Amino acid sequence: MAISLKSIKKKTAAELQPVFTIYGVPKIGKSSLAAEFPRPVFIQTAEGESVPAGVEAETLEVRNYGELCEAIGALVNEEHDFGTAVFDSTTGLENLIRAEACARNGWKTLEDPGFGKGYKVAASIFLEYIDGIMTLRREKNMAIVQLGHCDINRFDSPTTDPYSRYRINLHKDVADIIEANSDVIAFLNFKATIKKVEAGFNKDIRHAEGGGSRWMYLEERPGFIAGNRFGMPHEIQYRKGEGYAALAKFLPPAPAVAA
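If you number the sequence shown the way the working numbering does, the last residue is 423 and the count never jumps.
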């Protein structure tokens with residue numbers, strides 16, 4: 165059928181639940197924040213990942229790519245009342261997918277094929293995972309939360325001198341995929357201020373101070389990757405037990421529990 169302007173239709177955005185990527189500095193409360201989302205189930209992708217102290221949460225442990233696919237498939241195909249799938253963590257996801265890339269191709273490591281080809285194959289498998297979580301969101305209208313660690317990377321800007329910024333601690337190709345397929349990228353960090361103290365002999369000493377307040381950064385700045393599609397402010401203070409409520413003001417309403 166030939167395309168013509170008569171075939172234009174009006175469409176409105178579906179009120180699907182969002183895909184979140186939450187990353188930040190260690191012990192900032194990423195898992196605690198995820199536990200506040202509606203009816204979460206934690207898919208733990210690595211040993212050592214655990215739900216926060218004092219929090220009871222349903223968990224599924226996956227230790228290889230096949231089990232990861234089975235966990236997503238079970239959430240798609242079986243009846244349940246979960247409202248959020250939390251993948252803890254993206255580092256564990258990447259490791260599972262790297263192992264799968266090696267298994268499919270008979271490699272010992274991703275370096276075996278040379279010239280970065282192994283990492284490209286792993287990134288293509290990561291797209292399979294993305295397809296899985298998008299299916300889960302579409303079929304069950306579940307929110308997706310991906311928890312990640314952070315790293316400091318050099319950014320070679322085409323318009324300024326190079327500078328450093330926080331980014332999720334993944335291979336660049338995988339980080340690009342995660343960021344492109346997230347509705348909200350939240351960077352969590354403690355807020356610090358720089359104080360200048362006179363040290364004598366016409367010298368000043370600068371040091372960081374902070375009261376331990378935790379913040380969710382939701383728009384990109386030179387120092388970190390962040391962003392959202394819901395008109396959220398640049399930053400929201402994260403108080404334990406109130407983090408999701410602060411975000412939910414800007415999000416589609418969470419589906420009610422089936423009667």
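Where is the CB? At the ideal position from N, CA and C, for every residue including glycine. Computed from a predicted structure; not experimentally measured.
Asked, Found
"Compare the C-alpha of residue 254 against each of 385, 184, 408, 393 and name the closest.", "184"
"Taking the DSSP output, what are the residues bridged to residue 271?", "The partner list for residue 271 (beta bridge, DSSP) is empty, contrary to what the question assumes."
"Using C-beta distances below 7 Å, list every residue in its chain close to residue 261, excluding the 5 sequence neighbours before and after it, in chain order.", "229, 286, 289, 290, 293"
"The alpha helix (DSSP H) that contains residue 328, what's its start and end?", "Not the alpha helix (DSSP H): residue 328 falls in the beta strand (DSSP E), residues 327–332."
"If you run the structure through DSSP and keep just helix, strand and coil, what is residue 180?", "coil"
"Rank 406, 400, 350, 240 by C-alpha distance to the C-alpha of residue 392 and give the top, closest one.", "350"
"State the DSSP-derived secondary structure class of residue 192, mapped to helix, strand or coil.", "coil"
"How about residue 354 and residue 378: are their beta carbons less than 9 Å apart?", "yes"
"Whose C-alpha, out of 340, 238, 328, 256, is nearest the C-alpha of residue 313?", "256"
"Let's test the definition: count the other Cβ atoms within 10 Å of the Cβ of residue 402 and tell me whether it reaches 16, buried, or not, exposed.", "buried"
"Taking the alpha-carbon positions, what's the residue 380 to residue 326 distance?", "25 Å"
"Taking all protein chains shown into account, decide if residue 232 is buried (16 or more other Cβ within 10 angstroms of its Cβ) or exposed.", "buried"
"Considering residue 285, what are the terminal residues of the alpha helix (DSSP H) in which it resides?", "281–304"
"Do you know offhand how far residue 404's Cα is from residue 197's?", "7 Å"
"Classify residue 348 as helix, strand or coil using the three-state DSSP reduction.", "strand"
"May I ask you to verify whether the segment 315–330 touches the segment 232–252, counting CB pairs closer than 8 Å and requiring at least 3?", "no"
"Nearest to residue 389 by CA position, among 346, 421, 409, 211, is which residue?", "346"
"Please name the residue, chosen from 239, 311, 331, that lies closest to residue 297 on a Cα-to-Cα basis.", "239"
"Can you give me the Cβ contacts of residue 219 inside the same chain, cut-off strictly under 6 Å, excluding the 5 residues immediately before and after it?", "199"
"Would you check if the distance between the CB atom of residue 251 and the CB atom of residue 207 is smaller than 9 Å?", "yes"
"Grouping DSSP H, G and I as helix and E and B as strand, with all else coil, what is residue 172?", "coil"
"Could you pull the start and end residues of the alpha helix (DSSP H) that residue 411 belongs to?", "407–412"
"Hey, out of 418, 343, 420, 263, whose CA is closest to residue 383's CA?", "343"
"Just reading off the alpha helix (DSSP H) that residue 236 is part of, what are its end residues?", "229–241"
"Would you kindly work out how many angstroms separate the C-alpha atoms of residue 270 and residue 339, rounded to a whole number?", "25 Å"
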